[in-house]
């Protein structure tokens with residue numbers, strides 16, 4: 017059953033997994049679960065049991081409380097670079113050139 021809490025928890029797990037450069041299938045294997053189950057967890061359709069919450073935190077290298085820090089906005093430099101890079105990959109050349117020029121202008125400030 018999808019709830020707002022489950023959705024936030026799943027999104028948080030996904031964000032941390034991506035920031036750690038761990039693919040969804042890799043995390044599922046480390047958790048000894050089907051990838052489809054992890055997909056349901058990350059999409060908020062299923063809540064992980066307490067044992068899996070502990071395993072997820074351990075594998076991702078965070079404390080359990082960090083999985084429930086839904087207001088977390090302070091990302092590390094590496095996390096920010098990774099997230100920005102994921103967005104840049106899908107852009108066309110014109111948009112990339114615009115972003116590049118914008119970044120150059122910001123550096124001049």
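Residue numbers (the numbering used here): 17 to 125. Quick reminder that beta carbons are idealized off the backbone N, C-alpha and C, glycines included. Note that the structure is a prediction, hence the values are computed from the model and not measured.
Put simply, of 47, 73 and 118 the residue whose alpha carbon is nearest the alpha carbon of residue 28 is 73. For the pair of segments examined, the region 21-38 was found to touch the region 89-105: the number of CB pairs separated by less than 8 Å reaches three.
Within the same chain, 33, 54 and 75 come within 7 Å of residue 43 by CB-CB distance, once the 5 residues on both sides are set aside. Excluding residues up to 5 positions away in sequence, 56 lie with their Cβ nearer than 6 Å to the Cβ of residue 62 in the same chain. Between the alpha carbons of residue 115 and residue 66 lies a distance of about 43 Å. Under the three-state reduction of DSSP, residue 46 is assigned to helix. Here residue 77 is exposed: its Cβ has fewer than 16 other Cβ atoms, across all protein chains shown, within 10 Å.
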